[in-house]
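No gaps in the numbering here: position 19 of the sequence shown is 19 in full-length UniProt numbering, and each next residue is one more.
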Amino acid sequence: MKSAAFAYHSPQTLEAAVSLLGTLEDEGVDVKILAGGQSLTPMLALRVARPEALIDLGRIKALDYIREEGKVIAIGAMTSKHAAGVSELIKARQRLFHDATQLVGHRQIRNRGSVGGSFAHADPASEYPAVALVLDMEFKAVGPEGERLIPAEEFFVTYMTTSLETNEILTEVRMPTLPVGAGWAIREEARRHGDLALAGVCLTLQKSGAVISEAKIAAFGVNPTAVRLEAAEAALQGQAPTAENFARAAAAGAAALEEPMSCIHASSEYRRALVRALTERCLAEAAARAV
1 MKSAAFAYHS
11 PQTLEAAVSL
21 LGTLEDEGVD
31 VKILAGGQSL
41 TPMLALRVAR
51 PEALIDLGRI
61 KALDYIREEG
71 KVIAIGAMTS
81 KHAAGVSELI
91 KARQRLFHDA
101 TQLVGHRQIR
111 NRGSVGGSFA
121 HADPASEYPA
131 VALVLDMEFK
141 AVGPEGERLI
151 PAEEFFVTYM
161 TTSLETNEIL
171 TEVRMPTLPV
181 GAGWAIREEA
191 RRHGDLALAG
201 VCLTLQKSGA
211 VISEAKIAAF
221 GVNPTAVRLE
231 AAEAALQGQA
241 PTAENFARAA
251 AAGAAALEEP
261 MSCIHASSEY
271 RRALVRALTE
281 RCLAEAAARA
291 V
């Protein structure tokens, strides 16, 4: 299929894009922002999305960067997933995000898709939103009223919906570097390599002596948004990093999930079982990496 007709705009600066978006919004025009096009282009082709106007951010080079600012890594919203995946800075300082990026689609998708676009799209089966929750990431948005930082726990609202205002543009993703000595892991189950996850889990884990001092765990592909497994986190606090404790925490986290999504590819029960198994495996992997 081909997309429905729309007006196409390609501003060269962020200021021009924000101004144009505000003007079109004030005129009541249905507008979509085009970043890399990994997700929006198929939706346009299938006419799932039928905007009256499209604002393409591809010419705004100022939104394509990866840099370290103290203990934070800042990624411009138009940075490709490929660039994030091969970044030596991210690989050295934030391995969970690096590993998550390797699971996103295929090489062609990572070449085209943008980091910011994935977060703004907020697909519940995507790896990135869960990683954002675990890492306490922040999102910089710019609109007519200026810029603001949105914490990850406030950014994802529900299925493919974020707290971005309709006249705001996501410009930057900010994540803390992984603490020295912390372990990390991400695992998912998909029908085929590169497919969207039926369910997945990512986490970080820190030790203090012989016990776990902190665990942050999130699941994706099971609810309308990624979700923290707080019951599993609580079960691990102050406990020894043993297989028995990992199994107990994984069971608690899976049991506390709200009714997982169900479809022809995976039932609710199957997704819950996947979360339990993947959590247990991730904990063992992260504990082996933690020092």
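The beta-carbon is built from N, C-alpha and C at its ideal position, and this holds for glycine as well.
Could you work out which residue in the options is closest to residue i when comparing CA atoms only?
i           : options                           : result
Leu63       : Gly76, Lys71, Ile55 and Glu52     : Gly76
Gly58       : Ala83, Arg112, Gln94 and Gly105   : Arg112
Ala231      : Gln108, Asp123 and Arg276         : Arg276
Gly183      : Arg174, Val201, Leu205 and Glu189 : Leu205
residue 294 : Asn223, Glu233, Gly105 and Pro144 : Nothing about residue 294 can be read from this structure; the chain reaches only from 1 to 291.
residue 293 : Asp136, Met43 and Glu189          : Any property of residue 293 remains undetermined from this structure, which presents the chain solely from 1 to 291.
Gly146      : Ser19, Ala122 and Lys81           : Ser19
Tyr270      : Glu189, Val29, Leu203 and Glu233  : Glu189
Secondary structure at residue i, three-state DSSP: helix, strand or coil?
i           : result
Ile264      : coil
Gly85       : helix
Tyr8        : strand
Leu170      : strand
Ala35       : coil
Glu165      : coil
Ile90       : helix
Arg187      : strand
Gly146      : strand
Val222      : coil
Gln102      : helix
residue 292 : Examination of residue 292 is not possible in this model, given that the chain is present from 1 through 291 alone.
Ser118      : helix
Gln206      : strand
Ile217      : strand
Arg59       : coil
Gly22       : helix
Leu124      : Strictly speaking, residue 124 in this sequence is Pro, with Leu absent from that position. The answer is coil: DSSP assigns Pro124 none of H, G, I, E or B.
Ala53       : strand
Taking C-beta to C-beta, are residue i and residue j nearer than 8 Å?
i      : j      : result
Ala290 : Lys207 : yes
Ala125 : Leu196 : yes
Cys282 : Arg187 : yes
Ala247 : Val134 : no
Glu285 : Ala185 : yes
Ala235 : Ala249 : yes
Leu24  : Ile60  : no
Val222 : Met261 : yes
Spatial neighbours of residue i within its chain, please: CB distance less than 6 Å, with the 5 preceding and 5 following residues excluded, ordered by chain position.
i      : result
Pro241 : Ile212 and Ala287
Gly238 : Val211
Ala256 : Ala231
Ser10  : Asp56 and Arg59
Could you name the residues of the same chain whose beta carbon sits closer than 8 Å to that of residue i, not counting the 5 residues immediately before and after it, in chain order?
i      : result
Val86  : none
Ala273 : Ala254
Glu259 : Ser268
Keeping to the same chain, check which residues put their C-beta closer than 7 Å to that of residue i; ignore five residues upstream and five downstream.
i      : result
Arg67  : Ala74
Lys71  : Pro176 and Thr177
Thr79  : Asp64, Tyr65, Ile66, Ser114 and Val115
Leu21  : Val31, Ile55, Asn167 and Ile169
Ala251 : Arg276
Gln102 : Gly85
Would you say residue i faces chain C, with C-beta separation under 8 Å as the test?
i     : result
Gly22 : Within the model displayed, chain C is absent; a lone protein chain is all it includes.
Review point. Counting Cβ pairs, one atom from each stretch, are 3 or more of them under 8 Å apart for the segment 122-133 and the segment 47-57?
Key: no
Practice item. Decide yes or no for the touch test of the segment 166-175 against the segment 137-145: beta carbon pairs closer than 8 Å, at least 3 of them. Key: yes
Check your understanding: Would you say the segment 178-198 touches the segment 147-165, given that touching needs at least three Cβ pairs under 8 Å?
Key -> no
Exercise for review: Check whether the segment 82-90 touches the segment 227-243, taking contact to mean three or more Cβ pairs, one atom from each stretch, closer than 8 Å.
Suggested key: no
Practice item. Examine the Cβ distances between the segment 22-38 and the segment 100-117 and report whether three or more of them are shorter than 8 Å. Key: yes
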